[in-house]
Amino acid sequence: MAGTGLAAAPLFSALSASAQAQQPVSPIGIGPFNVRAYGVSGVKAPFAPIQIQRRAVGPKDVLIDILYCGICHSDVHTVRGDWGSSTFPRVPGHEIVGRVVAVGNAVTKFRVGDIAGVGCMVDSCGECENCLADREQVCLKGTTFTYDAPDKVSGGVTYGGYSERVVVTEHFAIRIPPGMDLAATAPLLCAGVTTFSPMQHWRLQPGQRVGVIGLGGLGHVAVKLAAAHRADVTIFTTSPGKLADAQRLGAREAVLSTDQAAMARLASHFDLLISTVPYSFKMQPFMDLLKLDGTLVNVGLLLNLDGTELSGMSLGFGRKSVAGSMIGGIAETQEVIDYCAARNITADIELIRPEQITQAYERVVNKDVRYRFVIDFASSRQA
Ligand code: NAP
Ligand code: ZN
1 MAGTGLAAAP LFSALSASAQ AQQPVSPIGI GPFNVRAYGV SGVKAPFAPI
51 QIQRRAVGPK DVLIDILYCG ICHSDVHTVR GDWGSSTFPR VPGHEIVGRV
101 VAVGNAVTKF RVGDIAGVGC MVDSCGECEN CLADREQVCL KGTTFTYDAP
151 DKVSGGVTYG GYSERVVVTE HFAIRIPPGM DLAATAPLLC AGVTTFSPMQ
201 HWRLQPGQRV GVIGLGGLGH VAVKLAAAHR ADVTIFTTSP GKLADAQRLG
251 AREAVLSTDQ AAMARLASHF DLLISTVPYS FKMQPFMDLL KLDGTLVNVG
301 LLLNLDGTEL SGMSLGFGRK SVAGSMIGGI AETQEVIDYC AARNITADIE
351 LIRPEQITQA YERVVNKDVR YRFVIDFASS RQA
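Residue 1 is where the sequence shown starts when you use our numbering, and the numbers rise one by one after that.
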């Protein structure tokens with residue numbers, strides 16, 4: 001290994017012959033290398049296997065063999081053109097868990113064989129006010145998101161976790177404690193930190209009343225995390241079929257948001273509402289549920305607030321706030337993983353094969369996932 005800048009990587013050399021045959025160039029210190037990925041060639045195109053290039057493993061980098069990757073609604077937004085960007089091919093995926101198979105010689109956080117996670121970002125300047133405050137997700141020079149972002153290291157754009165391997169600077173890899181269910185842990189890298197962060201920022205206290213709007217990937221993790229904070233949790237859903245899951249997930253009750261009587265009963269009731277609804281929706285009926293000084297944190301990435309019908313009058317009279325929040329920094333991502341490991345919290349998942357991604361997207365859009373799809377690369381790797 002002398003001169004390659006890399007520590008010995010016994011697990012890498014133990015890869016199957018077929019996996020090694022896919023490598024036109026060895027990733028061990030020589031140069032960029034190709035990996036198999038699943039991507040789309042245009043807006044709403046079906047997923048298909050493609051080859052993408054990963055950079056050579058640098059001194060501070062880890063090479064991760066991806067075992068599992070969750071499907072977030074942000075992936076769906078990006079592929080369906082909801083946010084209007086247009087770089088193709090596009091490989092989403094930012095809920096990645098895998099095994100470290102090589103490390104650069106300056107890496108201190110990981111050893112070969114460790115389990116690591118990668119969430120929504122892979123780089124930031126490290127020097128601006130926000131990065132220095134552990135808020136790399138809002139780097140003033142531009143966070144490099146895990147996919148579909150300008151790649152400041154290799155050029156081009158970043159490719160996400162619907163792929164067999166990823167190379168990432170160790171700072172942006174998260175330690176996954178031993179004993180966690182790896183597939184069900186993957187969604188915590190985005191859905192977990194995105195819903196944990198507002199609970200920390202707004203200092204959720206035991207006994208406070210929290211409402212979670214939208215019971216999907218983020219929503220069901222939010223319920224579990226709020227219950228772990230010993231809050232009194234209510235779910236607001238548009239899907240009658242999900243009502244029965246409320247107590248199992250840790251909520252006091254689930255309410256159909258179309259049920260006028262239930263909505264009236266809960267007026268001026270909540271300290272904190274977290275909305276995970278992905279598209280513009282009428283927010284005012286939920287603002288009416290906030291107590292004096294209550295806050296609705298909108299984490300759904302709707303492009304604009306048209307159609308929310310927010311009333312300035314209601315905000316003023318109740319001294320209420322509408323806020324937003326975006327994922328969390330690397331330290332906070334590690335914190336939520338450790339928090340969940342200590343409390344045995346994971347996502348409820350449906351494991352799928354890579355060939356089923358297109359079909360899974362349809363089910364996400366139809367609100368028909370219980371409650372997160374996770375792509376199983378571990379089985380395809382073994383096969
Ligand atoms: P998801 O799994 O599809 O869940 C969203 C849930 O919202 C659905 O299950 C459904 O719940 C409800 N819903 C969906 N469409 C709706 C509509 N038109 N009107 C009312 N309710 C609707 O999505 P997710 O992965 O949790 O992501 C949710 C949103 O958060 C997306 O916009 C995503 O891009 C965003 N996101 C933001 C961040 C961040 O950092 N801020 C991070 C990750 C994701 P019911 O069936 O219970 O009604
Ligand atoms: Zn996400």
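Using N, Cα and C, we set each Cβ at its ideal position, and we do this for glycine too.
Ranked by Cα distance from Gly70, the first of Leu301, Leu305, Cys190 and Phe110 is Cys190.
It is roughly 40 Å from the alpha-carbon of Val374 to the alpha-carbon of Ser314.
Going by C-alpha positions, Asp114 is about 20 Å away from Met121. A Cβ-Cβ separation of about 5 Å places Lys60 in contact with Ala106 under the 8 Å criterion.
Gly250 and Ala222 have their C-alpha atoms roughly 10 Å apart. A straight line joining the alpha-carbon of Ser86 with that of Thr143 spans about 19 Å. Judged by beta-carbon spacing, Thr308 lies within the 9 Å limit of Met283, meaning their Cβ atoms are closer than that value. Of the heavy atoms belonging to the ligand NAP, none sits nearer than 8 Å to the Cβ of Leu296. Taking each of Lys109, Gly81, Asn304 and Gly241 in turn and checking the Cα distance to Thr169, the smallest one comes out for Lys109.
Non-local C-beta neighbours of Ala360 in its own chain, meaning closer than 7 Å and more than five positions away in sequence, comprise Ile71, Ile352 and Phe373, ordered along the chain. For Gly294, the closest alpha carbon among the candidates Pro278, Gly312 and Val322 is that of Val322. As computed with DSSP, Phe172 is found in no beta bridge at all. Inclusion of Pro278 in the 8 Å shell around the ligand NAP follows from its C-beta lying nearer than that to a non-hydrogen atom of the ligand. Around Pro89, the same chain offers Gly39, Val40, Ser41 and Ile50 as residues with beta carbons nearer than 7 Å, after the five sequence neighbours per side are excluded.
In this structure Asp368 does not touch Pro177 by the C-beta definition: roughly 32 Å separates them, more than the 8 Å allowed. In the structure shown, the three-state DSSP call for Cys125 is coil. Less than 9 Å divides the Cβ of Val233 from the Cβ of Val212.
Put simply, the residues with a CB less than 5 Å from any heavy atom of the ligand ZN are Cys72, Ser74 and Cys190, in chain order. Per DSSP, Thr358 is one residue of the alpha helix (DSSP H) stretching across Ile357 to Val365. The C-alpha of Ala173 lies about 22 Å from the C-alpha of Pro198.
In terms of side-chain proximity, the C-beta atom of Leu249 is found no nearer than 8 Å to any non-hydrogen atom of the ligand NAP.
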